[in-house]
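Numbering of the sequence shown is given in my numbering, commencing with residue 106 and proceeding in unit increments. Ideal Cβ placement from N, Cα and C applies to all residues, glycine included.
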Amino acid sequence: MKKPFLIAEISANHCGDINLAKKLIKCAKINGADAVKIQTYTADSMTVNSNKKYFKIKKGLWKGYNLWELYDEAHTPLKWHEQLFKYSKKIGIKIFSTPFDETAVDFLEKIKCPMYKVASFEMTDIPLIKKIASTKKPMIISTGMANLSEISKTYSIAKKYGAKDITLLYCVSSYPAKDEEFNLNNIKILKKEFKCTVGFSDHSKNNKIGLAAIAAGAEVIEKHIGLKNQKKGLDIEFSMRGEEIKKFKNQINETYKYLGKNYFYRNNQVLFFLYFF
């Protein structure tokens, strides 16, 4: 098992302010995250602006929004992307994105996005899967909405179209996700079925589920982030803030260390007692 890789998801917590987005990137860097991730879409590329009942969010954190309003508030403007990529390179942290359609992949290729994430809701968007896979760059796929058959189909197509480095993320697509909704044995099942790197996309309000996921074999952890004391942000309720990121990173490293060897191991103290007693 590889040492876990921590992805800091910015998502909508920039609150429409590029300076806040840069502060979030810097926060991720100084607190030990291995990469930051943004999302590439516009409200118009996702949905239509309608107040019909099928487009209204009826419960949860975003109750009262219609889908277009939510995406419009949450999106990271395309004109920011190159600046954010340059800023991340300047301070020394990897940045990549989740494209939500094929045109977003074309856009990200122009600014040399080094890897791609597929969101759970897009996991069965086969044209998008083919497009990303054809770049032959590392590909992370969230599986929060899928069954094993759907995951298998997407995984096979990604491999067929050129993806060589694929990571599957176990995910519960609730915002925030409740503790009782998780089944972390899915991580072991995905590893057994697909013989690839498996991680965990965490929308819970605490860090204990993420640490348990590492014990279950997760090698990538994705978690939303905010600044210390940040109160505004569409995703802030299930985000790590400020130095919580560093604490979580340290806990990740400790958990990984405690997992130990990949073979049956007896420490020297045990051998000492066996010898003298």
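Segment contact: the segment 347 to 359 against the segment 160 to 178, fewer than three CB-CB distances shorter than 8 angstroms; contact not assigned.
Closest in C-alpha terms to S239, from the list I262, A318, A133, comes I262. By the Cβ rule, the segment 107 to 122 counts as touching the segment 133 to 152, because three or more pairs are nearer than 8 angstroms.
The shortest C-alpha to C-alpha distance from S150 to any of L172, I330, K194, A268 is the one to L172.
The residue among L213, K215, E342, A320 with its C-alpha nearest the C-alpha of K107 is A320. Along the length of the segment 280 to 363, whole beta strand (DSSP E) runs at least 3 residues long occupy 302 to 307, 325 to 331, reported in chain order. For P204, there is no enclosing alpha helix (DSSP H); the enclosing beta strand (DSSP E) covers residues 199 to 204. Close CB contacts of I357 within its chain, under the 8 angstroms cut and outside five residues either way in sequence, are with P109, L111, G315, L316, I319, I326 (chain order). Per DSSP, reduced to three states, the secondary structure at C276 is strand.
Looking at the backbone, the Cα of S344 and that of K333 are separated by about 11 angstroms. Beyond the five residues adjoining it in sequence on each side, K296 comes within less than 6 angstroms, by CB distance, of V303, G322 in the same chain, given in chain order. Beyond the five residues adjoining it in sequence on each side, V277 comes within less than 7 angstroms, by CB distance, of G249, E286, F287, H308 in the same chain, given in chain order. In the three-state scheme derived from DSSP, where H, G and I count as helix and E and B as strand, K107 is classed as coil. If you compare the alpha carbons of F205, C132, A133 with that of T152, the shortest gap goes to F205. With distances taken between CA atoms, S257 lies nearest to M228 out of M228, K283, K269. Every unbroken stretch of the beta strand (DSSP E) spanning 3 or more residues and falling wholly within the segment 241 to 273 is given here in chain order: 244 to 247. The alpha carbon of N136 has as its nearest neighbour, out of I330, I341, G365, N252, the alpha carbon of I330.
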